[in-house]
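**Student:**
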Amino acid sequence: MWVNEDIMNQSGLLTVEEVAQMLKVTRQTVSKYINSEKINAIKINKSYRVSIDDFENFLKENSTVQEPTLSHLYRTKYCSLEYEGKSVEKEVLDESLHGEFRNLNAAEKQTDNMFIFGDNYAVLKKLLESHKGLIDLIYIDPPFGTGQDFNSIDEDSAYSDKLVNNEFLEFLRKRLFLLRELLSNEGSIYLHIDKKIGHYVKIIMDEVFGYQNFINDITRIKCNPKNFARNAYGNYSDMILYYAKNRDKQIWNDIKEPMTDDKRRQLFPKKHPEHGYYTTNPIHAPGVTRNGDTGMEWQGISPPPGRHWRYSRAVLDELNNQGLIEWSNTGNPRKIVLAKDHKGFKIQDVWEFKDKGLSYVDYPTQKNNKLLDRIIQNSSRNDSVVLDCFSGSGSTLLAANKHGRKWIGVDNSTKSLEVITRTFNNKNIDFNMYEYVPLN
Ligand SMILES: C[S@@+](CC[C@H](N)C(=O)[O-])C[C@H]1O[C@@H](n2cnc3c(N)ncnc32)[C@H](O)[C@@H]1O
Numbered sequence: 074m075w076v077n078e079d080i081m082n083q084s085g086l087l088t089v090e091e092v093a094q095m096l097k098v099t100r101q102t103v104s105k106y107i108n109s110e111k112i113n114a115i116k117i118n119k120s121y122r123v124s125i126d127d128f129e130n131f132l133k134e135n136s137t138v139q140e141p142t143l144s145h146l147y148r149t150k151y152c153s154l155e156y157e158g159k160s161v162e163k164e165v166l167d168e169s170l171h172g173e174f175r176n177l178n179a180a181e182k183q184t185d186n187m188f189i190f191g192d193n194y195a196v197l198k199k200l201l202e203s204h205k206g207l208i209d210l211i212y213i214d215p216p217f218g219t220g221q222d223f224n225s226i227d228e229d230s231a232y233s234d235k236l237v238n239n240e241f242l243e244f245l246r247k248r249l250f251l252l253r254e255l256l257s258n259e260g261s262i263y264l265h266i267d268k269k270i271g272h273y274v275k276i277i278m279d280e281v282f283g284y285q286n287f288i289n290d291i292t293r294i295k296c297n298p299k300n301f302a303r304n305a306y307g308n309y310s311d312m313i314l315y316y317a318k319n320r321d322k323q324i325w326n327d328i329k330e331p332m333t334d335d336k337r338r339q340l341f342p343k344k345h346p347e348h349g350y351y352t353t354n355p356i357h358a359p360g361v362t363r364n365g366d367t368g369m370e371w372q373g374i375s376p377p378p379g380r381h382w383r384y385s386r387a388v389l390d391e392l393n394n395q396g397l398i399e400w401s402n403t404g405n406p407r408k409i410v411l412a413k414d415h416k417g418f419k420i421q422d423v424w425e426f427k428d429k430g431l432s433y434v435d436y437p438t439q440k441n442n443k444l445l446d447r448i449i450q451n452s453s454r455n456d457s458v459v460l461d462c463f464s465g466s467g468s469t470l471l472a473a474n475k476h477g478r479k480w481i482g483v484d485n486s487t488k489s490l491e492v493i494t495r496t497f498n499n500k501n502i503d504f505n506m507y508e509y510v511p512l513n
């Protein structure tokens, strides 16, 4: 079924008409559902609204009135990805596995930080028993469905990336459902993927997290420019898809990009004897103030025609007294803006964090620490739990630890287990190491 564009409102709240249209029932039937509390609804200005989450809960609980792809279509904005072997979300969530985490340390350590060795599907299911809705930040860098094996520099096998196409997408999709359930209401997820499969993964992410919760598709410059022999543009970037559990409620620290020396030279070229590097800005702005203070003469001069002072005359006096007005030889005043007061730049959606070559890392596909620093600093708080269920070398866990966050790592590669044990022990970082053991 195709969902009408009109019913896709950005607020995440559906009207009774919209719900009726999607369920192919009358308004009255929806009202009955609301009155009998089958559908949870909130009253706004005398009429009812249904949140997407509540609508989906209703669909889950009443599968007989549900077209199988209805909620997917709603979440993905008009389309969903169909492929062979696609499972039903409810079945993934309802599937119960029996297993336990067995501590691989001699004794349990007094820390919340843990690494769990095992297949992440089973591990995430188990974690849902203790951590549902408690994870503030997830970063994952799964295999990319390349069909290759990845070895470390010493030729040790690290992991195999043999699942391709629909099998890979389904492998990921099932885990994403579980990850969504683990996320807190203010949580977010960053998924790192390459550009061959990433666009398919975007549609899967929309389906799992909701189109309205998509925040950014970040282009990551991963290496130096490539000199391809084949007839193609060099590919030196991959992508990170960033989604919130609930858009605009996600933890967002608005970390700024510090100014580089080059930028400083470009933007603040002058040097003040007292205040350091600076530039100047006009103290007037377009628009005329008829009788107000900012239209009056200041220091014997009026604002230029069609303009007004940007600041009140009291503020201009204050700035002048502090030596923060520069007067030109012709008597034109400009405000001095200091480089040291610059707050840094808004981070954009192209990031350059190149990975090191195989001979400089402990694990193939090991990601740049600074990339993870940025994600953790921006999207988690001191008390947050950070999860990476494709941990590899443990780069996410190390970054989380460095910033004082709690962390949970999962991987099923013995090489990962070995590298994480060695790295964390060398750095004297305490954590519990478990193995997932299935129970029959
Ligand atoms: C691309 S690597 C991650 C690299 C990591 N981001 C780093 O910086 O070192 C993908 C990881 O996913 C792990 N992995 C693949 N399938 C898994 C599964 N079903 N359960 C747990 N880990 C899995 C692999 O062993 C591998 O370590």
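In our numbering, the protein residues as written are 74 to 513. Heads up, the beta-carbon is just placed ideally off N, CA and C, and yes, glycines get one too.
Alpha carbon to alpha carbon, how far is Asn178 from Met506? Give it in angstroms, no decimals.
**Tutor:** The count along the sequence shown starts at 1 and reaches residue 506 at position 433. The count along the sequence shown starts at 1 and reaches residue 178 at position 105. For Met506 and Asn178, the distance between alpha carbons rounds to 6 Å.
**Student:** Using DSSP with H/G/I as helix, E/B as strand and the rest coil, what is Ser432?
**Tutor:** Numbered from its first residue, the sequence shown carries residue 432 at position 359. Reduced to three states, the DSSP call for Ser432 is helix.
**Student:** Tyr106 by DSSP, collapsed to three states: which one?
**Tutor:** As a first step, residue 106 is located in the sequence shown; it is residue number 33 there, counting from the start. Looking at Tyr106 - three-state DSSP - the assignment turns out to be helix.
**Student:** Got a sec, what are the start and stop residues for the alpha helix (DSSP H) Ile273 sits in?
**Tutor:** Within the sequence shown, the letter at position 200 stands for residue 273. According to the sequence provided, residue 273 is Tyr. The question's Ile does not apply to it. Tyr273 -> alpha helix (DSSP H) spans 271-282.
**Student:** Out of Ile449, Pro346, Glu162, which one is the CA nearest neighbour of Glu134?
**Tutor:** To locate residue 134, count along the sequence shown from 1; it is residue 61. Out of Ile449, Pro346, Glu162, Glu162 has the C-alpha closest to the C-alpha of Glu134.
**Student:** In this structure, does DSSP put Glu157 in helix, strand or coil?
**Tutor:** For this step, residue 157 is matched to residue 84 along the sequence shown. DSSP places Glu157 in coil when its eight states are reduced to three.
**Student:** Cα separation between Asn485 and Tyr351?
**Tutor:** Within the sequence shown, residue 485 is the residue found at index 412, counting from 1. Within the sequence shown, residue 351 is the residue found at index 278, counting from 1. If you take the alpha carbons of Asn485 and Tyr351, they lie about 54 Å apart.
**Student:** Taking 6 Å as the cut-off, is the CB of Ser468 close to at least one heavy atom of ligand 1?
**Tutor:** Position 395 of the sequence shown, counted from the first residue, corresponds to residue 468. Checking every heavy atom of ligand 1 against the Cβ of Ser468, one is found closer than 6 Å.
**Student:** Mind checking whether Gly218 and Phe241 have CB atoms under 7 Å apart?
**Tutor:** In the sequence shown, counting from the first residue as 1, residue 218 sits at position 145. In the sequence shown, counting from the first residue as 1, residue 241 sits at position 168. The answer is yes: Cβ separation under 7 Å.
**Student:** Below 8 Å on the Cβ atoms is my guess for Gln193 versus Phe463; work out the distance and round it to an integer in Å.
**Tutor:** As a position in the sequence shown, residue 193 is number 120, starting the count at 1. As a position in the sequence shown, residue 463 is number 390, starting the count at 1. Looking at the sequence itself, residue 193 is Asn, so the reference to Gln does not match. Indeed, because the Cβ distance is near 7 Å, the residues count as touching under 8 Å.
**Student:** Examine ligand 1 and report whether any of its heavy atoms sits within less than 6 Å of the Cβ of Pro216.
**Tutor:** Numbered from 1 along the sequence shown, position 143 holds the residue referred to as residue 216. Indeed, a heavy atom of ligand 1 lies less than 6 Å from the Cβ.
**Student:** Take Glu517 and list the residues in its own chain whose beta-carbon comes closer than 7 Å to its own, dropping the five residues that flank it on each side.
**Tutor:** Since the displayed the chain opens at 74 and closes at 513, residue 517 lies outside it and no answer follows.
**Student:** Taking 6 Å as the cut-off, is the beta-carbon of Thr438 closer than that to any non-hydrogen atom of ligand 1?
**Tutor:** Working through the sequence shown from its first residue, we reach residue 438 at position 365. Result yes, Cβ under 6 Å from ligand 1.
**Student:** Under DSSP, the beta strand (DSSP E) around Asn354 begins and ends at which residues?
**Tutor:** In the sequence shown, residue 354 corresponds to position 281, counting from 1. Element bounds for Asn354: 349-355.
**Student:** Nearest to Lys475 by CA position, among Arg454, Ile324, Phe174, is which residue?
**Tutor:** Start at 1 with the first residue of the sequence shown, and residue 475 comes out as number 402. Measuring from the Cα of Lys475, the nearest candidate turns out to be Arg454.
**Student:** Does any heavy atom of ligand 1 sit closer than 6 Å to the C-beta of Phe463?
**Tutor:** To locate residue 463, count along the sequence shown from 1; it is residue 390. Flag set: Cβ of Phe463 near ligand 1.
**Student:** Going by the C-beta, is Tyr232 closer than 6 Å to any heavy atom of ligand 1?
**Tutor:** As a working note, residue 232 is residue 159 in the sequence shown. Yes.
**Student:** Is the separation between the beta-carbon of Gln386 and that of Trp371 shorter than 7 Å?
**Tutor:** Start at 1 with the first residue of the sequence shown, and residue 386 comes out as number 313. Start at 1 with the first residue of the sequence shown, and residue 371 comes out as number 298. The sequence shown places Arg at residue 386, not Gln. Cβ atoms of Arg386 and Trp371: closer than 7 Å.
**Student:** In this structure, how does DSSP classify Gly172 when only helix, strand and coil are distinguished?
**Tutor:** As a position in the sequence shown, residue 172 is number 99, starting the count at 1. Strand, per DSSP.
**Student:** Measuring CB atoms only, is the region 357-373 touching the region 381-395, in the sense that at least three cross pairs come out at less than 8 Å?
**Tutor:** The region 357-373 is in contact with the region 381-395.
**Student:** Would you check whether ligand 3 has a heavy atom nearer than 6 Å to the C-beta of Asp229?
**Tutor:** In the structure on display, ligand 3 does not appear, and the ligands it does have are ligand 1.
**Student:** Of all the options Met95, Phe131, Leu96, which has the alpha carbon lying nearest to the alpha carbon of Ser109?
**Tutor:** Numbered from 1 along the sequence shown, position 36 holds the residue referred to as residue 109. The shortest C-alpha separation from Ser109 is found at Phe131.
**Student:** Comparing alpha-carbon positions, which option in Thr88, Phe174, Ile270, Ser489 lies nearest Ser468?
**Tutor:** Counted from its first residue, the sequence shown places residue 468 at position 395. It is Ser489.
**Student:** Taking 8 Å as the limit between beta carbons, can you name the residues of its chain near Asn239, skipping five residues before and five after?
**Tutor:** Taking the first residue of the sequence shown as 1, we reach residue 239 at position 166. Correct list, in chain order: Tyr156, Glu157, Gly158, Lys159.
**Student:** Quick one: what's got a C-beta closer than 6 Å to Ala114's C-beta in the same chain, skipping five residues either side?
**Tutor:** Numbered from its first residue, the sequence shown carries residue 114 at position 41. Hits under 6 Å: Ile107, Tyr121, Val123.
**Student:** Heavy atom of ligand 1 less than 6 Å from the Cβ of Ser489, yes or no?
**Tutor:** Along the sequence shown, one-based indexing puts residue 489 at 416. Correct: Ser489 has its Cβ closer than 6 Å to ligand 1.
**Student:** Pick from Pro331, Pro437, Ala473: whose alpha carbon is nearest that of Ala412?
**Tutor:** By one-based count along the sequence shown, residue 412 stands at place 339. Comparing Cα positions, the closest option is Pro331.
**Student:** Thinking C-beta only, is Ala195 closer than 7 Å to Tyr436?
**Tutor:** Position 363 of the sequence shown, counting from 1, holds the residue named residue 436. Position 122 of the sequence shown, counting from 1, holds the residue named residue 195. Not closer than 7 Å, so no.
**Student:** With a threshold of 6 Å, establish whether the CB of Ser385 neighbours any heavy atom of ligand 1.
**Tutor:** Position 312 of the sequence shown, counted from the first residue, corresponds to residue 385. Checking the Cβ of Ser385 against ligand 1 gives no.
**Student:** Have a look at His265 and Lys295 and give me their C-alpha separation to the nearest angstrom.
**Tutor:** The residue given as residue 265 occupies position 192 in the sequence shown. The residue given as residue 295 occupies position 222 in the sequence shown. When rounded, the distance between both Cα atoms is 11 Å.
**Student:** Count the CB pairs spanning the region 490-506 and the region 183-191 that are closer than 8 Å, and state whether there are at least three.
**Tutor:** They touch, by the three-pair rule.
**Student:** With hydrogens ignored, establish whether the beta-carbon of Asp222 is closer than 6 Å to any heavy atom of ligand 1.
**Tutor:** Residue 222 sits at position 149 when you count from the first residue of the sequence shown. Not under cutoff, so the answer is no.
**Student:** How many angstroms separate the CA atom of Phe128 from the CA atom of Gln323?
**Tutor:** Counting from 1 along the sequence shown, the entry for residue 128 is found at position 55. Counting from 1 along the sequence shown, the entry for residue 323 is found at position 250. Cα to Cα, Phe128 sits roughly 21 Å from Gln323.
**Student:** Please go through the same chain and pick out, in chain order, the residues whose beta-carbon is closer than 7 Å to the beta-carbon of Thr23, but skip the five residues on each side of it.
**Tutor:** A question about residue 23 goes unanswered here, because the residues of the chain that appear run from 74 up to 513.
**Student:** Lys268: which of Thr333, Tyr306, Arg175 sits nearest, CA to CA?
**Tutor:** Taking the sequence shown and counting its residues from 1, one reaches residue 268 at position 195. The shortest Cα separation from Lys268 among Thr333, Tyr306, Arg175 belongs to Tyr306.
**Student:** With DSSP as the reference, identify every bridge partner of Ile294, one or two as the case may be.
**Tutor:** Position 221 of the sequence shown, counted from the start, is the residue given in the question as residue 294. According to DSSP, which records beta bridges pairwise, Ile294 is partnered with Ser310, Glu425.
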